[in-house]
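Peer 1: Each protein sequence line maps, in turn, to chains A and B.
Counting from -16, one number per residue, gives the positions in the first sequence under the numbering used here.
Counting from 40, one number per residue, gives the positions in the second sequence under the numbering used here.
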Amino acid sequence: MPAAPGRAIVRAPPPAAPAPVCHRVVMAPGTEGRPRPRGLTAVVVFGLVQAVLVVALGTVMVVARDDVEVRRELGVDPGLLVVVGAVLIAVGVLGAVLAVLLARGSDRVRALYGLVNGINVAVAVYSLVALREVQLESVWSLVLPIAILWFLYGSPASQEYFRR
Amino acid sequence: MTAHDPDLDLPGAHLPEAEVADDGDVPPQDTLLGIPLGALVQVEALRGLALLTVAIVLVVWPDPTDRVLGLLVGLAVLVYVAATFVQLVRDRSSRTFPTILAVSVGAGFAAALVTRPDESTRSVVQGLGLVMVIAGSVTLVQLLRRRQPAGWGASKVIGLMGGGALLVGFPDVLLQFGTAAVAAVLGATGLIQVFSPERDIADSGPAGSLALVSWLRRRPVLAEDRRVLQEKVFLEGSTSPVRFARFCALMGFASVIAAIGVVVESTAVVIGAMLVAPLMTALMGVSLALTMGWPQRALRSSGIALTGVGLAIGIGMVVGAAAPRAIDPATNSEIVSRTSPTTLDLAIAVAAGAAGAYALSRRDVSDSLPGVAVAIALVPPLSVVGLTWQQGDWSAGNGALLLFLTNATAILLAGGVTFVLIGVAPLHRVSESQQRVKSAVVVLLSAAALVAVLLALNGVRATQAEVARAGVDEVVSDWTARHDEWRVVGTRTTSDGTTIVDLAGPGEPPELDQLLADLDEITRGDNEVRVTWVRQEQASVGGGG
């Protein structure tokens, strides 16, 4: 059918291409689209594994609270086992949440991670300098927190990732 | 109100009339050791007095000083950590890896120094040594990669690795050594600042601790004395073969006399050998050559000294083999007194070495040289080395060799320092010429550090043995006080460390298990303690009954 006189044909613009789905999670402002550094991913994975292990330990304590052998080994009553287990589960869950937030690029969680690992470094240095009987072990316990601090604050990719 | 009298502002205007000289001049001021009391109030003098005080404190209370210093350093680091932490919290841009790491390490370090200063100071010294060893290793790898003549790099590697290894292995001893060295430098600087008549030392150049260097730079250059000294200590020119032959002859005579003196246990004969021996002159030659940066002369003098050392040891061995009487290194007093040197021997050797350099450099005090030779005693220890090695007593021989090394090292170091202090070796010449003899100087300093450590360890061991021995005597004395019928025949310690207590009395000693347990506690179970006893029979007659 010919077009009616006086009416222009307006072509609809082509539909916009769908936005690429890089991250299913909501990223912290400014970190969208930026590739996560591998070192930071390693820190996150380490945090998650640690959290899972803590949760698992807490669960075992709660579940096995009535186990005679466990009670004999630990020498505590079931009530205390439940409390400690619950605290461990909570700590593990909190650790997992923090790890996820770190993966999303939260600078506050990075600061918290930095604080915790800074304390770990300080404790290791204290053992290294003042406790001569555990000097050798202290050297090894220094390596991991320093590496984590480097991945959080040292590597250029990490600095770029957390820049806002 | 009276008008202001300008005369009142003049010095001495407030003094009583009797104290004002007739000509109107100010009378001589009160002095302390020749220094006007007013001059002592100057800033440089006060600074010098403060340095002197610190030096005295370091010498008198070395251990508490180390602890206090550790504590102060810990508190200072703690303040830095706290300030930086506040900055990290406030300013997000300051959160960098180096800053966070510095705060973390600093916090641990400060906590360690504040709570456990003794262990921490030791660990810090060891850590410093470890860093030096690593730095030396890195330098060595770089040298090997370049495949170029080593030069200064080799000396650096030796110094770093040797010094680092010593710090790691013997932190306590080197800490004490370092404290003493710092005290010496502070004391010297303080003395110069207080007693130097020229107040402009600190004003004209770098002030404070560098006053020592300023003072040394202003020492007169005694070139004439140096020429006289060179003629004495270096075998040079056309007469050098003859002088070397004379040196060997005198060393041979001295070695024979010393070895025989040791065998017959005659102190007078041994002292005679000390007076004959020319070894100190050769070592002074090495010292002067190193100070002035003359490698050829240092090498030649070292060769001459080593010839003398070889002669003394060799002749000692020959005399030991040919001696018509048995030599027991464990009981011969001349041997025993030379096989276990301590840091006290080092102190004697340093003083004697300085005196030797002084007496050799100054014609008017050269009469003191025989006394120096007796004090420093180079040949007798070497003779003891030869005699004991020939007897197969390697331990005693090594102890005597350590004594010789102590004396020789002290001569080289104290001699060099004395040459600089009295102006024979100008400081600018010393600093410019060290490039030429750097390797030898580094080796010498490393050897000196090693000797000091060995002496300190030997001293600690000897002190522990003495303490244990005193404890054993006390325990046995208490035991005999409870048992009148028993007496102590003797207490001795064998070469393997076993302590033997000889008792005499009727039958078997009472409370024997308790006595053994007490002795074991005193010796901390480190060494065996043995109690032997003999039955004491007695017969009596008379008594007036």
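Ideal Cβ positions, reconstructed from N, Cα and C, are used throughout, including at glycine.
(1) Output the distance between the C-alpha atoms of B/Leu214 and B/Lys195, rounded to the nearest integer angstrom.
(2) How many Å lie between A/Leu64 and A/Arg48 at the Cα?
(3) Nearest to A/Phe29 by alpha carbon, out of A/Ala69, A/Thr42, A/Ala86, A/Gly62?
(4) Are there three or more Cβ pairs, one per stretch, closer than 8 Å when the region 363 to 372 of chain B is compared with the region 330 to 339 of chain B?
(5) If we count the other Cβ atoms within 10 Å of its Cβ and call it buried at 16 or more, is B/Arg184 buried or exposed?
(6) For B/Ala414, which of helix, strand or coil comes out of DSSP?
(7) Just the Cα atoms here: how many angstroms apart are B/Leu167 and B/Gly203?
(8) Can you tell me whether B/Gly198 is buried or exposed? The criterion is at least 16 other CB atoms within 10 Å of its CB, across all chains shown.
(9) Identify which residue in B/Asp403, B/Thr571, B/Leu85 has its Cα closest to the Cα of B/Ile231.
(10) Could you run through the region 136 to 149 of chain B and flag, in chain order, every residue whose CB is less than 7 Å away from some CB of chain A?
(11) How is the alpha helix (DSSP H) around B/Ile299 delimited, first residue to last?
(12) Taking 8 Å as the threshold, find out whether the region 150 to 162 of chain B comes into contact with the region 102 to 110 of chain A through three or more Cβ pairs.
(13) Would you say B/Thr218 faces chain A, with C-beta separation under 8 Å as the test?
(14) Measuring straight from C-alpha to C-alpha, what distance separates B/Val389 and A/Asn100?
(15) Run through DSSP, which three-state label would B/Gly244 get?
(16) What residues match up with B/Asp541 in a beta bridge as DSSP calls it?
(17) Comparing C-alpha positions only, which one of B/Asp406, B/Ser277, B/Ala416, B/Ala396 sits nearest to B/Ala307?
(18) Could you give the DSSP three-state label for A/Asn103: helix, strand or coil?
(19) Indicate whether B/Thr123 and A/Tyr136 have their beta-carbon atoms separated by less than 8 Å.
(20) Is it buried or exposed, B/Val142, if we count other Cβ atoms within 10 angstroms and call 16 or more buried?
(21) For B/Gln429, count neighbouring Cβ atoms within 10 angstroms of its own Cβ and tell me buried if that reaches 16, exposed if not.
(22) What separation, rounded to the nearest whole angstrom, lies between the Cα atoms of B/Val666 and B/Ala223?
(23) Could you check what DSSP says for B/Leu585 in three-state terms: helix, strand or coil?
(24) Give a yes or no on whether 8 Å exceeds the smallest Cβ distance from A/Ile129 to chain B.
(25) So that I know if they touch, is there some Cβ in chain B lying closer than 8 Å to that of A/Arg115?
(26) Quick one: grab the DSSP three-state call for B/Ile366.
(27) Check whether the Cβ atoms of B/Ser159 and A/Ala94 sit closer than 8 Å, and answer yes or no.
(28) Considering B/Leu451, what are the terminal residues of the alpha helix (DSSP H) in which it resides?
(29) Do we get a CB-CB distance below 8 Å when we pair B/Val116 with the residues of chain A?
(30) Buried or exposed: where does B/Ala321 fall if 16 or more other Cβ atoms within 10 Å of its Cβ makes it buried?
(31) Is the separation between the beta-carbon of B/Phe292 and that of B/Ser340 shorter than 8 Å?
(32) How long is the line joining the alpha carbons of B/Leu91 and B/Thr448, rounded to whole angstroms?
(33) Under the assumption that B/Thr532 contacts B/Arg569 (Cβ atoms under 8 Å), give the Cβ distance between them as a whole number of angstroms.
(34) Sorted by chain position, which residues of the same chain lie with C-beta nearer than 8 Å to B/Arg161's C-beta, five sequence neighbours on each side aside?
(35) In or out: B/Gly229 buried (at least 16 other Cβ within 10 Å) or exposed?
(36) At the 8 Å Cβ level, is B/Arg134 part of the contact set with chain A, yes or no?
Peer 2: Once the coordinates are examined:
(1) Position 175 of the second sequence, counting from 1, holds the residue named residue 214 of chain B. Position 156 of the second sequence, counting from 1, holds the residue named residue 195 of chain B. When rounded, the distance between both Cα atoms is 22 Å.
(2) Taking the first sequence and counting its residues from 1, one reaches residue 64 of chain A at position 81. Taking the first sequence and counting its residues from 1, one reaches residue 48 of chain A at position 65. Computed Cα separation, rounded: 6 Å.
(3) Walking along the first sequence from the start, residue 29 of chain A turns up at place 46. Considering only alpha carbons, the answer is A/Ala86.
(4) no
(5) Within the second sequence, the letter at position 145 stands for residue 184 of chain B. Exposed, by the Cβ-count rule.
(6) If you number the second sequence from 1, residue 414 of chain B lands on position 375. Correct three-state label for B/Ala414: helix.
(7) One-based indexing of the second sequence puts residue 167 of chain B at position 128. One-based indexing of the second sequence puts residue 203 of chain B at position 164. Approximately 7 Å, taken between the alpha carbons.
(8) The residue you call residue 198 of chain B lines up with position 159 of the second sequence. It counts as buried.
(9) Translated into the one-based positions of the second sequence, residue 231 of chain B becomes position 192. Of the listed residues, the one whose Cα sits closest to B/Ile231 is B/Leu85.
(10) Phe136, Ile139, Leu140, Val142, Ser143, Val144, Ala146, Gly147, Phe148
(11) Position 260 of the second sequence, counted from the first residue, corresponds to residue 299 of chain B. Counting along the chain, the alpha helix (DSSP H) containing B/Ile299 begins and ends at 279 to 302.
(12) yes
(13) The residue given as residue 218 of chain B occupies position 179 in the second sequence. It does not: the Cβ of B/Thr218 has no partner Cβ on chain A nearer than 8 Å.
(14) In the second sequence, counting from the first residue as 1, residue 389 of chain B sits at position 350. In the first sequence, counting from the first residue as 1, residue 100 of chain A sits at position 117. Taking the straight line from one Cα to the other gives about 52 Å.
(15) Position 205 of the second sequence, counted from the first residue, corresponds to residue 244 of chain B. Note that B/Gly244 scores 46 on pLDDT, short of 50, meaning its location in the model is unreliable; the coordinates nonetheless yield the value given after this. Coil.
(16) Here residue 541 of chain B refers to the residue found at position 502 when the second sequence is read from its first residue. According to DSSP, which records beta bridges pairwise, B/Asp541 is partnered with B/Gly529, B/Thr571.
(17) As a position in the second sequence, residue 307 of chain B is number 268, starting the count at 1. Residue B/Ala416 is the option with its Cα nearest to B/Ala307.
(18) Walking along the first sequence from the start, residue 103 of chain A turns up at place 120. It is helical.
(19) Here the question's residue 123 of chain B lines up with position 84 in the second sequence. Here the question's residue 136 of chain A lines up with position 153 in the first sequence. It is not a contact, given that the beta carbons lie outside the stated cut-off.
(20) Sequence index remark: in the second sequence, residue 142 of chain B carries index 103 (1-based). Looking at its Cβ environment, which holds 16 or more other Cβ atoms inside 10 Å, B/Val142 is buried.
(21) Numbered from its first residue, the second sequence carries residue 429 of chain B at position 390. Buried is the call here.
(22) Absent from the model: residue 666 of chain B. The displayed extent of chain B is 40 to 584, so no value can be given.
(23) Examination of residue 585 of chain B is not possible in this model, given that chain B is present from 40 through 584 alone.
(24) For the purposes of this step, residue 129 of chain A is identified with residue 146 of the first sequence, where counting begins at 1. At least one chain B Cβ lies under 8 Å of A/Ile129.
(25) Residue 115 of chain A sits at position 132 when you count from the first residue of the first sequence. Yes, because at least one Cβ of chain B sits closer than 8 Å to the Cβ of A/Arg115.
(26) The residue given as residue 366 of chain B occupies position 327 in the second sequence. Note: B/Ile366 maps to coil in three-state DSSP.
(27) Counting from one through the second sequence, the residue named residue 159 of chain B turns up at place 120. Counting from one through the first sequence, the residue named residue 94 of chain A turns up at place 111. No; because the gap between Cβ atoms is not below 8 Å, this pair is not in contact.
(28) To locate residue 451 of chain B, count along the second sequence from 1; it is residue 412. Note, B/Leu451: alpha helix (DSSP H), 433 to 460.
(29) Taking the first residue of the second sequence as position 1, residue 116 of chain B is located at position 77. No, B/Val116 lies away from the interface with chain A (no Cβ there is under 8 Å from its Cβ).
(30) Along the second sequence, read from residue 1 onward, the residue named residue 321 of chain B stands at position 282. With 16 or more other Cβ atoms within 10 Å, it is buried.
(31) Within the second sequence, residue 292 of chain B is the residue found at index 253, counting from 1. Within the second sequence, residue 340 of chain B is the residue found at index 301, counting from 1. No; because the gap between Cβ atoms is not below 8 Å, this pair is not in contact.
(32) Residue 91 of chain B sits at position 52 when you count from the first residue of the second sequence. Residue 448 of chain B sits at position 409 when you count from the first residue of the second sequence. Cα to Cα, the separation comes out at about 28 Å.
(33) Reading the second sequence from its first residue, position 493 is the one you call residue 532 of chain B. Reading the second sequence from its first residue, position 530 is the one you call residue 569 of chain B. In fact, because the Cβ distance is near 11 Å, the residues do not count as touching under 8 Å.
(34) Here the question's residue 161 of chain B lines up with position 122 in the second sequence. The answer, listed in chain order, is Pro210, Asp211, Leu214.
(35) Stepping through the second sequence from its first residue, residue 229 of chain B is reached at position 190. Its Cβ being crowded by 16 or more others within 10 Å, B/Gly229 is buried.
(36) The residue labelled residue 134 of chain B in the question sits at position 95 within the second sequence. Yes, B/Arg134 counts as interfacial toward chain A.
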